[in-house]
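Participant: Numbers given in our numbering equal positions in the sequence shown, counted from 1, plus 8.
We put the CB at the ideal spot given by N, CA and C, even for glycine.
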Amino acid sequence: MDCTAPRTALRTTRLLAGALFAASAILAGCATAPTKEVIATKDAPAAIGPYSQAIRFGNTVYLAGQIPIDPKTNQLNTGSIEEQTRLVLDNLKAVLAAAGMTMDDVVSTSVFLKDLNDFGRMNAVYATYFKDKPPARATVQVARLPRDVAIEISAVAAK
9 MDCTAPRTAL RTTRLLAGAL FAASAILAGC ATAPTKEVIA TKDAPAAIGP YSQAIRFGNT
69 VYLAGQIPID PKTNQLNTGS IEEQTRLVLD NLKAVLAAAG MTMDDVVSTS VFLKDLNDFG
129 RMNAVYATYF KDKPPARATV QVARLPRDVA IEISAVAAK
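(1) Does DSSP classify Arg129 as helix, strand or coil?
(2) Kindly indicate the opening and closing residues of the alpha helix (DSSP H) around Ile89.
(3) Look up Arg155 in the DSSP assignment and give the residues it is bridged to.
(4) Pull up the CB-CB distance for Asn82 and Pro53, whole angstroms please, since I reckon it's below 8 Å.
(5) How many angstroms separate the CA atom of Tyr70 from the CA atom of Asp126?
(6) Measure the CB-CB distance between Ile63 and Ala106 and report whether it falls below 8 Å.
(7) Judging by CA-CA distance, which residue of Ile159, Lys141, Pro143 and Gly87 is the nearest neighbour of Gln149?
(8) In three-state terms, what does DSSP make of Ala146?
(9) Short of 7 Å in beta carbon distance, which residues of its chain neighbour Ile89, apart from the five on each side in sequence? Order them along the chain.
(10) Excluding the 5 residues flanking Ser116 on each side, which residues of the same chain have their C-beta closer than 6 Å to its C-beta?
(11) Taking only the alpha-carbon atoms, compute the straight-line gap between Ala166 and Phe65 and give it to the nearest angstrom.
(12) Could you give the distance in angstroms between the alpha-carbon of Thr49 and the alpha-carbon of Val103?
(13) Would you tell me roughly how many angstroms separate the C-alpha atoms of Asp113 and Ala151, rounded to the nearest one?
(14) Can you tell me the Cα-Cα spacing of Thr43 and Lys139, whole angstroms?
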């Protein structure tokens with residue numbers, strides 16, 4: 009009686025099972041785990057400190073807060089709250105474009121105002137950037153913002 013045949017068959021079965029398991033794992037997990045990707049553009053102000061303009065993680069982009077700095081001149085806009093809001097949103101729009109996204113992809117924003125009395129005027133400008141299906145939003149008054157600006161807005165976008 010040949011006792012090696014069952015062992016050989018068992019080894020072959022284990023090898024095939026292992027190969028099938030590996031193949032199914034590869035096919036099921038064809039997308040690798042998301043990694044952190046830095047998004048940067050010269051069309052928005054450079055980061056003022058140790059942070060990125062945005063980070064892509066999977067299908068989500070986390071945008072750092074933007075303040076009203078003109079990326080062409082690197083100068084602060086200290087004009088009206090409407091002017092500052094427009095510039096902040098244009099800066100966010102530029103970072104989104106660098107990530108291959110648009111304002112329509114924004115799912116959440118955080119608005120930081122130096123003075124909540126500016127809310128109505130800020131909101132009127134904000135509404136022109138988010139006409140259809142506006143994102144979730146939190147708006148708060150803060151004691152102080154970087155470079156003593158009147159507004160900062162951060163966002164999260166997803167595709």
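Facilitator: To lay it out plainly:
(1) DSSP, reduced to helix, strand and coil, places Arg129 within a helical segment of the structure shown.
(2) Ile89 to Ala106
(3) DSSP output for Arg155 lists no bridge partner at all.
(4) 7 Å
(5) 26 Å
(6) Judged by their CB atoms, Ile63 and Ala106 are not nearer to each other than the 8 Å cut-off.
(7) Ile159
(8) strand
(9) Asp126, Arg129, Met130, Ala158 and Ile159
(10) The beta carbon of Ser116 lies closer than 6 Å to those of Pro143, Ala144 and Val164 in the same chain, with the five residues before and after it left out.
(11) Using only the alpha carbons, I get a separation of about 10 Å.
(12) Computed Cα separation, rounded: 6 Å.
(13) 30 Å
(14) 32 Å
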